[in-house]
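Notes to accompany the following structure.
In UniProt numbering, the protein residues as written are 1 to 429.
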């Protein structure tokens with residue numbers, strides 16, 4: 001047999017072996033591992049192995065161990081930085097995984113009931129009304145093309161910040177007969193229009209034919225507080241105007257403590273509600289700078305405690321949350337924060353921000369007896385799993401008040417302007 005023929009035979013055998021390894025079930029299991037894993041300092045990531053496999057890491061900020069007795073491979077994140085893990089089977093590389101270790105990061109979970117007051121940019125148009133003039137009923141605002149949901153930002157070139165800014169312009173224009181020059185902000189963009197106020201029959205006051213509002217108030221639940229930056233997140237969903245059903249464009253706002261006075265229990269087709277009042281001292285505990293699909297955000301001017309979990313806890317990224325038992329922190333009586341059992345029914349590892357990342361179900365008998373499940377005002381209640389803050393309650397299922405959606409904490413932190421990846425990015429740049 002010639003040397004060349006022998007070489008081809010050996011090469012063919014090796015090729016068959018490699019193909020056989022590549023298509024074996026255990027190898028497919030490793031190939032299906034994610035291409036990238038993100039961990040915080042001190043965290044561990046483990047996965048099952050079904051055949052002898054060796055694992056190596058590039059740098060010492062990460063350690064890897066293979067336990068043949070338990071059939072597991074474990075990664076231990078020791079120090080922040082980028083790394084990679086290489087898995088080999090029978091001497092052949094079968095999978096490379098990039099591992100990103102982030103700086104240790106913790107937040108203090110909330111659960112407190114809070115009162116919310118939002119001040120809009122300009123004044124919000126929430127409806128039209130007919131002015132009973134000498135010529136008949138008409139709405140000057142509607143005739144000027146102003147729609148419900150529009151925001152009046154300027155009148156005659158002057159900035160409008162609150163409702164009391166509007167009245168002097170209206171009366172002056174009515175008496176002079178000159179139309180008001182309005183600047184409007186709406187979803188499709190900015191526009192200008194002219195509006196001529198009309199006098200109500202039998203009165204001396206001129207009117208716009210518009211219902212307007214410059215603030216909104218309500219209650220919700222604090223989600224987290226970051227002690228280093230003083231930033232917080234709450235609610236887990238956007239605040240919309242009750243009349244226009246559109247998100248409120250925030251100029252500024254405040255949060256205060258609130259006390260739950262009673263609960264309207266939820267039932268199928270009828271979501272319940274926490275009834276609450278602002279605390280009597282009305283002490284402002286923080287500002288509101290952002291109203292987004294992920295909640296309200298701003299800075300606290302003082303530290304707050306829930307009396308249950310007042311130490312900072314680590315967080316879980318979306319891919320680290322798992323189905324199974326968890327708990328929420330919330331208030332159902334006065335201002336006492338309590339821990340209640342829930343089940344995370346499903347969770348989606350998300351690469352990009354999304355408001356509905358988890359489906360949760362209330363399993364706690366006490367909470368079910370008291371509220372029927374998830375009720376309005378409970379939005380923002382932090383979800384705790386395995387000693388980590390993983391997200392917040394957002395919406396209830398109308399036809400099943402025991403269940404609802406949760407948002408991953410990762411995206412609320414992002415909206416609060418807290419970049420958990422920042423230090424590593426700076427190091428890498």
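We treat Cβ as the ideally placed atom computed from N, Cα and C, and that holds for glycine.
DSSP, read as helix, strand or coil, puts residue 175 in helix.
Pairing residue 389 with residue 373 gives a Cβ-Cβ distance that is not under 8 Å. Rounded to whole angstroms, the separation of the alpha carbons of residue 283 and residue 223 is 19 Å.
The beta carbon of residue 76 lies closer than 6 Å to those of 44 and 63 in the same chain, with the five residues before and after it left out.
Inter-segment contact for the stretch 401-415 and the stretch 125-140 is absent: fewer than three beta-carbon pairs are separated by less than 8 Å.
Only residues of its own chain outside the window of five on either side were considered, and among them 115, 256 and 258 have a CB closer than 6 Å to the CB of residue 278, listed in chain order. Rounded to the nearest whole angstrom, the C-alpha separation of residue 346 and residue 122 is 41 Å.
In this chain, the beta strand (DSSP E) harbouring residue 358 covers 358-362. When C-alpha distances from residue 303 are compared across 226, 244, 263 and 327, the shortest belongs to 226.
Beta-carbon to beta-carbon, residue 382 and residue 106 are separated by about 13 Å, too far to satisfy the 8 Å threshold. Within the same chain, Cβ atoms closer than 6 Å to the Cβ of residue 191 are found at 184, the five residues on either side in sequence being excluded. Rounded to whole angstroms, the separation of the alpha carbons of residue 399 and residue 269 is 5 Å. Pairing residue 101 with residue 81 gives a Cβ-Cβ distance under 8 Å. In the three-state DSSP reduction, residue 226 falls in the strand class (E or B).
Taking a 10 Å sphere around the C-beta of residue 344, we find 16 or more other C-beta atoms and assign the residue as buried.
With 16 or more other Cβ atoms from the protein chains shown falling within 10 Å of its own Cβ, residue 379 counts as buried. In the structure shown, residue 349 adopts coil according to DSSP, grouped into three states. Looking at the DSSP output, residue 124 bridges to 151 and 213.
Within a 10 Å sphere around the beta-carbon of residue 34 sit fewer than 16 other beta-carbons, which makes this residue exposed.
Put simply, the stretch 292-302 does not touch the stretch 319-334. Fewer than three CB pairs are less than 8 Å apart.
Inter-segment contact for the stretch 364-373 and the stretch 285-299 is absent: fewer than three beta-carbon pairs are separated by less than 8 Å. If you draw a 10 Å sphere on the C-beta of residue 392, you find 16 or more other C-beta atoms in it, and that means buried. Counting the other CB atoms within 10 Å of its CB gives residue 325 a total below 16, which places it among the exposed residues.
If the five residues before and after residue 206 are omitted, its C-beta is found closer than 6 Å to the C-beta atoms of 170, 171, 174, 197 and 199, all from its own chain and listed in chain order. Residue 276 and residue 220 have their C-alpha atoms some 9 Å from each other.
Taken through DSSP and simplified to helix, strand or coil, residue 305 comes out as coil. In terms of Cβ geometry, residue 285 and residue 118 do not form a close pair [threshold 8 Å]. DSSP places residue 167 in the helix class (H, G or I) of the three-state scheme. 384 is the residue among 420, 384, 415 and 403 whose C-alpha sits nearest the C-alpha of residue 109.
In the displayed model, residue 52 falls within coil according to three-state DSSP, outside both helix and strand.
The alpha carbon of residue 149 has as its nearest neighbour, out of 189, 204 and 39, the alpha carbon of 189.
In this structure, DSSP gives residue 85 an extended state, which the three-state scheme calls strand.
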